[in-house]
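Enquirer: In the numbering used here, the protein residues as written are 502 to 695. Where is the CB? At the ideal position from N, CA and C, for every residue including glycine. Note that this is a predicted model, so its numbers are computed, not measured. For reference, the structure I am asking about is given below.
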């Protein structure tokens, strides 16, 4: 996949970019969140160098964070280029060359919390930040908001049950690994499909 030339700023501390991946035959989206420990790139598709420099400005990138074992994408490139560690869910341990493994419920970078969502794919984990939730494959927003189709799930019934934890969280914005973000009343939209 070619590097993406531009990003979109959603809030002061939240950025997204996306591009079509011909290998996966789908749109792949990435999220960056500014934290007190620097920017965290979540499931990063490669972003052109001048775009990432513009986004980060005088700050720095502190880490790459994965939502599951299937989203390595441009992570190794960014790790080397930016000299940052890769964090991946504990359930993705065998699949991903991570520097650090993340457990369900763990706090990261002073502002994010890991939320395990078993049933989707290997290690599926969402990350809750201030007013935002970033999901990997558990939910997609390609042809409207939907739960990951059964043919891609490890166990759809288990995923449906694990997604119910999202109803106890507070977020208004929902970012995806596949699809454009929902930037208002996102929790209510999730409740409607569950």
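Taking the alpha carbon of residue 534 as the reference point, which residue from 666, 651, 600, 509 has its own alpha carbon closest?
Expert: When only C-alpha atoms are compared, the closest one is 509.
Enquirer: Just how far apart, CA to CA, sit residue 601 and residue 565?
Expert: Whole-angstrom Cα-Cα distance: 10 Å.
Enquirer: Starting from residue 627 and walking both ways along the beta strand (DSSP E), at which residues does that stretch end?
Expert: Run containing residue 627: 626–630, per the beta strand (DSSP E) assignment.
Enquirer: What are the boundary residues of the beta strand (DSSP E) that residue 593 is part of?
Expert: Per DSSP, residue 593 belongs to no beta strand (DSSP E) and is neither H nor E.
Enquirer: Going by the CB atoms, is the gap between residue 670 and residue 690 shorter than 9 Å?
Expert: Not closer than 9 Å, so no.
Enquirer: My output table needs one value for residue 570: the three-state DSSP class, helix, strand or coil.
Expert: It is coil, neither helix nor strand.
Enquirer: Hey, residue 541 and residue 563 are a contact pair by Cβ (cut 8 Å); roughly how many whole angstroms apart?
Expert: Right, their Cβ atoms sit about 6 Å apart.
Enquirer: For the alpha helix (DSSP H) that contains residue 557, what are its first and last residues?
Expert: Per DSSP, residue 557 belongs to the alpha helix (DSSP H) from 550–557.
Enquirer: Could you compute how far the alpha carbon of residue 639 sits from the alpha carbon of residue 626?
Expert: Cα-Cα distance, rounded: 8 Å.
Enquirer: Leaving out five residues on either side along the sequence, give the residues of the same chain with a beta carbon under 7 Å from the beta carbon of residue 685.
Expert: Cβ within range, chain order: 673.
Enquirer: Would you kindly report the start and end of the unbroken beta strand (DSSP E) that includes residue 652?
Expert: Taken as a continuous stretch (DSSP letters only), residue 652 belongs to no beta strand (DSSP E), as it is neither H nor E.
Enquirer: Name the residue from 679, 695, 683, 694 whose alpha carbon lies nearest to the alpha carbon of residue 525.
Expert: The residue with the shortest Cα to Cα distance from residue 525 is 679.
Enquirer: What do you get for residue 579, buried or exposed, if any count of 16 or more other CB atoms within 10 angstroms of its CB means buried?
Expert: Buried, since its Cβ has 16 or more Cβ neighbours within 10 Å.
Enquirer: Note down, in chain order, each residue of its chain lying with its Cβ closer than 7 Å to the Cβ of residue 592, except the 5 sequence neighbours on either side.
Expert: Around residue 592: 623, 624.
Enquirer: Taking only the alpha-carbon atoms, compute the straight-line gap between residue 595 and residue 647 and give it to the nearest angstrom.
Expert: Rounded to whole angstroms, residue 595 to residue 647 spans 28 Å at the Cα level.
Enquirer: Report, in whole angstroms, the separation of the C-beta atoms of residue 620 and residue 572, which I expect to be a contact under 8 Å.
Expert: The pair is not a contact, with the Cβ atoms about 17 Å apart (cut-off 8 Å).
Enquirer: Please return the same chain residues whose Cβ sits closer than 6 Å to the Cβ of residue 663, not counting the five positions on each side in sequence.
Expert: These residues qualify, in order along the chain: 618, 619, 620.
Enquirer: Thinking C-alpha only, which one of 568, 560, 590 is nearest residue 583?
Expert: It is 560 whose Cα lies nearest to the Cα of residue 583.
Enquirer: Quick one: what's got a C-beta closer than 8 Å to residue 537's C-beta in the same chain, skipping five residues either side?
Expert: Same-chain partners within the cutoff: 610, 611, 612.
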